[in-house]
Amino acid sequence: MTAESTRISVIEAILGGERELANSLLDTYAAANGSYRRAMNEVLEPVLVEIGIKWAEENTSLAQGYVAGKVAEDTLFKIIRDEQDILHTQEIKGTVVIGNIEDDFHSLGRKLVSIFLQSAGWIVHDLGSDVSPEEFVDKAAETDACIIGVSAMMYTTAANIKKVRDELDRRNLSGRIMLAVGGAVFRLRPELTREVGGDGTAANGYQVPQLFAELLARSQRETLQ
Amino acid sequence: MTSMERVVAALQGTEADRRAFTMTLSLYGAKLTGCPLSEYYTSPDRYLQGQIAVYDHCRPDILFTPFAFAPEAQAFGSEIFYLQKNPPNVRKPFIRDPKDIDKITVPDIGSDEGLQYLLSSARLLADHFKGAVPICGVLASPLDLPAVIMGVGNWLEILLFDDEKASAVISLMSEYFVTMANSMFDNGINFLAIPMMFSNPRLVFEKTVKETVVPALADIFSRLKGPVVFHHGGNPLAGFLPLYRNIPNIAGFALDQHDDFSEARKNIGENMLLLGNLEGPTLGLVTTAHALERAQKILDNRRDDRHFIFATSGADVAWDTPMETITGIYDLIQHYGAGHA
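Residue numbers (our numbering), protein chains in the order written: chain D, 19 to 243; chain C, 13 to 353.
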């Protein structure tokens, strides 16, 4: 099968909830073309972009998005398994720290974001749910991360993200470390990004790698100034 | 006509003096009575006072028991918190790790304070309004309750990929739901409204709905002592109505603000009760004129539809909704008349 025909079949499998079939198609493509890395780059990444567009247009279900994330995760594990020796030589885009803000336990979106970021070549430190502002900034400083990604589902918990901005300001790290924010409430209230001190947000998990690439560029510009 | 007669007329498709209507003003009763929400959502007496105030101000034809799922989540061990302008919510789900699913047990309805609050609120409302105004009980769907007990991600993972665990969880939820729902009926509610999220193909696969959700709901609803209104749960529903056609005990469908009534009618027939679809949670963000214009369009759209009740869609009408918007809708309904031919 060509990359194009495999892409079409993988999309159909994901949208139909056939996780195993999607994985099997990617296995076949990886075997025929030498690596899961190629299956990721030539098949799955374009598939995720297309599903992301459908998601933005509200043409996919939560379950379809979830299965897409699981298939990406499955493929990612296979890449890591096969490329243990060469992973350190591939281009790493940067290091990021992500987590749900304190009092927030809605982890689904964050987990998907982690998968999509890793698929795109980012080193991700996922701190989990209910993370304090100090923990976010401590980990970012410790790992030399350029971006902190904070998720919140509801307005009440999103308000806590402001404390991460305050902590970055207090340590003079704003600008060098970018603050990305996300979660359902930011789709409903886009103005909230500025209210909580965020440097940017994405409409969905599929768009996060692009957002982080932009924030990395901003961080590098501001660090040079 | 009394409100009860008006609602029954809509159910049966017979003539009424005016269009039956309701707004989800469960939360708004606290605002009208100046009651702190931590008290409103724990004291059945304060809840009743709030709903009496709601009735005095806008005479809805249906009143609701507390539209809050936090007491149910808390009964299963989740940690909840109270807000200033919204119903209580879940702070920490009981199950954080899917391997702990076996720790879920059915709460004792007779001794759990939160569940007793819901039941006592139902009883006080029914006693006060004495059958003149239908009382609608609100409970979380047995297919959605796991999401507030273990988190959306964990429940989705089980529902999609682990049939055995899904079956075990649904069995537990069914046991709880049937007992709780029937206790609500015993305490005087006339019907239940169940917001349905994980029953909608916008959230889960259609095959999951067909193979897992619908059979479970058919079994559960067949064991209830009264009828259910299938509430859209925040997602469009009209296009999926045929999926639920054979579930017993469904008296009607409450549609989403984006739903098209004509599509719903095409999919479910002329005789099923439909409710909707003025968006309630955003009424605080629009002008009264805009809200009334939208309400007028809905009424005009359903002018000849006898099996229709004008209602707000979504969750509660927002706390910040101006009183003139609510009374304006009441006045509009009063002057609109029966609507149908």
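Idealized CB from N, CA, C, for every residue including glycine. All figures in this text were calculated on a predicted structure; none of them were measured in a lab.
For chain D, is any of its Cβ atoms less than 9 Å away from the one on residue 43/C? no
So residue 246/C packs on residue 275/C, CB below 8 Å; how close in whole Å? Incorrect: roughly 18 Å between the Cβ atoms, too far for contact.
Skipping 5 residues on each side, what residues in its chain have a beta carbon closer than 7 Å to that of residue 55/C? none
Please report the straight-line C-alpha distance between residue 289/C and residue 22/D, rounded to a whole angstrom. Approximately 43 Å, taken between the alpha carbons.
Taking only beta-carbon positions, decide if residue 173/C is within less than 9 Å of chain B. The structure shown contains no chain B; its protein chains are D and C.
Taking Cβ-Cβ distances shorter than 9 Å, what residues in chain D pair up with residue 215/C? The contacting residues are 79, 80, 81.
Any beta-carbon of chain C closer than 9 Å to the one on residue 223/D? no
Indicate whether residue 39/D and residue 83/D have their beta-carbon atoms separated by less than 9 Å. Not closer than 9 Å, so no.
If you measure from the beta carbon of residue 25/D to each beta carbon in chain C, is any gap under 9 Å? no
Between the region 207-221 of chain D and the region 144-154 of chain D, are three or more C-beta pairs nearer than 8 Å? no
Within 7 Å of chain C by C-beta, residues of the region 120-153 of chain D in sequence order: 121, 123, 124, 125, 126, 129
Would you mind reading off the limits of the beta strand (DSSP E) that contains residue 144/D? 140-144
Check whether the region 157-166 of chain D touches the region 19-31 of chain C, counting contact only when three or more Cβ pairs, one atom from each stretch, lie closer than 8 Å. no
On the three-state DSSP scale, how would you describe residue 248/C? coil
Reduced DSSP secondary structure (H/G/I, E/B, other) of residue 76/D: coil
Would you say residue 34/D lies against chain C (beta-carbon separation less than 9 Å)? yes
From residue 118/C to residue 100/C, what distance separates their C-alpha atoms? 21 Å
Entirely within the region 293-319 of chain C and at least 4 residues each: give me those alpha helix (DSSP H) ranges in chain order. 300-313
Helix, strand or coil: which one does DSSP assign to residue 288/C? strand
Give the straight-line distance between the Cα atoms of residue 50/D and residue 98/D, rounded to the nearest whole angstrom. 19 Å
Based on Cα-Cα distance, which residue from 94/D, 113/D, 87/D, 240/D lies nearest to residue 127/D? 87/D
Indicate whether at least one CB of chain D lies closer than 9 Å to the CB of residue 220/C. Chain D, which has a Cβ nearer than 9 Å to the Cβ of residue 220/C, makes this yes.
Determine the chain C residues that contact residue 174/D at a beta-carbon separation under 7 Å, and present them in chain order. 95
Taking the alpha carbon of residue 173/D as the point to measure from, which residue in 136/D, 137/D, 42/D, 119/D has its own alpha carbon closest? Each of 136/D, 137/D, 42/D, 119/D was checked against the Cα of residue 173/D, and the nearest Cα belongs to 119/D.
With a threshold of 9 Å between beta carbons, is residue 105/C in contact with chain D? yes
Can you tell me the Cβ-Cβ gap for residue 272/C and residue 325/C, rounded? I've got them flagged as a contact below 8 Å. Wrong, their Cβ atoms sit about 13 Å apart, outside the cutoff.
In chain order, what residues of the same chain lie with their CB nearer than 6 Å to the CB of residue 197/C, ignoring the 5 residues before and after it? Taken in chain order, the residues that qualify are 237, 238.
Would you mind working out which of 221/C, 169/C, 346/C, 266/C sits nearest residue 327/C, comparing C-alpha positions? 266/C
For residue 186/D, which residues from the same chain have a beta carbon less than 7 Å from its beta carbon, with the 5 sequence-adjacent residues on both sides left out? 155, 192, 195, 197
According to the Cβ coordinates, are residue 169/D and residue 201/D closer than 9 Å? yes
Contacts of residue 89/C in chain D (Cβ-Cβ under 9 Å): Correct list: empty, because the minimum Cβ distance to chain D is about 13 Å.
Distance, residue 89/D Cα to residue 109/C Cα: 21 Å
Where residue 131/C falls: helix, strand or coil (DSSP): Helix, per DSSP.
Report the neighbours of residue 168/C on chain D: residues whose CB is nearer than 9 Å to its CB, in chain order. Those are 80, 81, 84, 126, listed as they occur along chain D.
Ignore the nearest five residues each way along the sequence and tell me which others in residue 135/C's own chain have a CB closer than 6 Å to its CB. Cβ-Cβ distances below 6 Å link residue 135/C to 199, 200 in the same chain, with the five nearest sequence neighbours on each side left out; the list follows chain order.
Ignoring anything shorter than 3 residues or poking outside the region 218-273 of chain C, list the beta strand (DSSP E) runs there in chain order. 240-243, 262-266
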